[in-house]
Structures are given as C-alpha cells and as structure tokens.
Amino acid sequence: MRFLRPKNKPTSPTSLSVSAQTSEFTAEGFTVRVIRSARRKRTVSARLINWRTIEVRAPSDLPADELERVVTRLVSQVRAKQAHQRARLDEPALLERARELNRRYFGGKLQWRSISYVANQHKRWGSCSPQQGTLRLSERLREVPLWVLDYVLMHELAHLLEPRHNAAFWVLVNRYPKSERARGYLMALQLDDSEAPEDNA
56 MRFLRPKNKP
66 TSPTSLSVSA
76 QTSEFTAEGF
86 TVRVIRSARR
96 KRTVSARLIN
106 WRTIEVRAPS
116 DLPADELERV
126 VTRLVSQVRA
136 KQAHQRARLD
146 EPALLERARE
156 LNRRYFGGKL
166 QWRSISYVAN
176 QHKRWGSCSP
186 QQGTLRLSER
196 LREVPLWVLD
206 YVLMHELAHL
216 LEPRHNAAFW
226 VLVNRYPKSE
236 RARGYLMALQ
246 LDDSEAPEDN
256 A
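Those letters in the sequence shown? Residues 56 to 256, per my numbering, in order.
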C-alpha cells in the first residue's frame with residue numbers, strides 16, 4: 056500500500072496556525088483518507104465515514120512507514136469487522152431481526168410472507184408489497200451498521216400497516232428511537248430515505 060501524493064486543503068482564517076495535509080488512496084476496496092495535522096501530537100485515530108470510506112487522522116510528523124503500518128492494520132480490522140457482520144446478516148438473521156422489531160414496536164401483530172435481500176435495488180434501500188406480504192432489502196444493507204439496517208426494516212414493516220408515506224406511517228416508523236439518526240446516515244450516503252417510497256419491487 057502506498058499513499059498518494061498529498062493534496063493541500065485550503066486553510067480557514069481561524070486555523071492558519073495549523074498545517075494539515077490530506078491524501079487519499081485505495082486499500083482492500085476502501086477509500087482511505089489520511090489527514091495529517093500538526094495539532095495532533097501522538098495518537099492515530101480512524102473512523103468509518105461510510106461502508107467504503109475510512110478517515111484516518113495522524114500527527115504531521117509521524118514517519119510515513121509507521122503511518123502506513125498503522126493504516127494497514129486499521130483497514131484490516133475494519134474489513135474483518137464487516138465480514139463478521141455480513142456473516143450475522145444472512146437471511147435467517149434478517150428474519151430474526153424483523154421478528155424482534157415486530158415484537159418490540161408493533162406488539163407482534165404484523166404478518167408477512169417473506170423478507171429477503173435483493174441485488175437489483177440501486178436507487179432505494181428497501182421495498183414492501185403489502186398485498187403480497189413481501190419485503191425486499193438492498194444487498195448494500197449488509198454493509199451498514201445494524202441500527203441503520205433496523206431502521207430500514209422498521210420503515211418497510213410500517214408499510215404493512217400504512218402503504219403510503221402519510222403522517223400515520225411516520226408515527227409508526229418513529230417508534231424506532233434511532234430513526235432520525237439513521238435517516239441522517241442514509242442522507243450522508245446520498246440515498247435519502249425519503250426518496251425510497253415506492254413499495255412494489
């Protein structure tokens with residue numbers, strides 16, 4: 056793994072005393088954004104921006120070879136964590152999560168025929184056909200945090216009672232306490248949940 060040539064970012068008037076450099080490269084299918092800053096003295100931190108972008112912050116004086124070793128390790132850890140999550144999110148596990156949401160937020164009253172992942176949903180996260188009792192979720196949801204997956208499940212489960220995106224529907228969805236946070240996550244991925252209302256896959 057080799058870092059790309061750093062790209063200097065404009066500095067705001069309030070941070071002229073702080074030098075920072077940003078570089079990006081790809082590793083194991085991720086875009087890794089490395090931000091070096093004179094403000095950071097010792098530690099290297101990392102966070103997952105979305106399921107394909109990792110942001111790493113490091114001291115500006117950290118040797119390149121040491122930084123590369125740290126970043127390689129962090130990327131491997133994220134990859135392993137995602138692989139473990141995908142293993143837990145096969146369709147039987149997805150069904151179990153839906154049952155738990157049904158029990159907790161709908162009193163166990165909802166009924167459906169099938170819940171499955173599909174690979175042909177590129178512009179929306181999920182769909183529900185209330186008359187057929189089928190719920191379909193995008194394969195991409197295997198990569199998102201579990202609380203985001205639960206929100207999309209909650210969204211589609213609510214359609215079994217309310218096919219339209221009316222006020223009653225959003226009352227049901229917002230029973231899930233992380234609804235607003237999950238919508239923000241989806242919006243950050245430029246796939247705003249409010250744009251995914253078509254219910255027949």
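We put the CB at the ideal spot given by N, CA and C, even for glycine. In this text, all values refer to a predicted model and were calculated from it rather than measured experimentally.
Residue i - DSSP class collapsed to helix/strand/coil
i, result
"residue 87", "strand"
"residue 217", "coil"
"residue 176", "coil"
"residue 189", "strand"
Option nearest residue i by Cα separation, candidates the options
i, options, result
"residue 178", "82, 244, 133 and 104", "244"
"residue 168", "149, 190 and 100", "190"
"residue 159", "205, 224 and 87", "205"
"residue 209", "233, 194, 186 and 187", "233"
"residue 119", "76, 145 and 104", "76"
"residue 109", "95, 83, 235 and 93", "83"
Residue j beta carbon less than 9 Å from that of residue i
i, j, result
"residue 80", "residue 133", "no"
"residue 130", "residue 89", "no"
"residue 200", "residue 231", "no"
Distance, residue j Cα to residue i Cα
i, j, result
"residue 219", "residue 227", "12 Å"
"residue 154", "residue 225", "20 Å"
"residue 98", "residue 121", "12 Å"
"residue 145", "residue 116", "44 Å"
"residue 213", "residue 136", "30 Å"
"residue 165", "residue 157", "6 Å"
Cut-off 6 Å between Cβ atoms - residues of its own chain near residue i, not counting five sequence neighbours on either side
i, result
"residue 181", "192, 207 and 211"
"residue 174", "194"
Same chain, Cβ closer than 7 Å to residue i, five either side skipped, listed in chain order
i, result
"residue 187", "168"
"residue 215", "165, 167, 183 and 185"
"residue 237", "202, 203 and 206"
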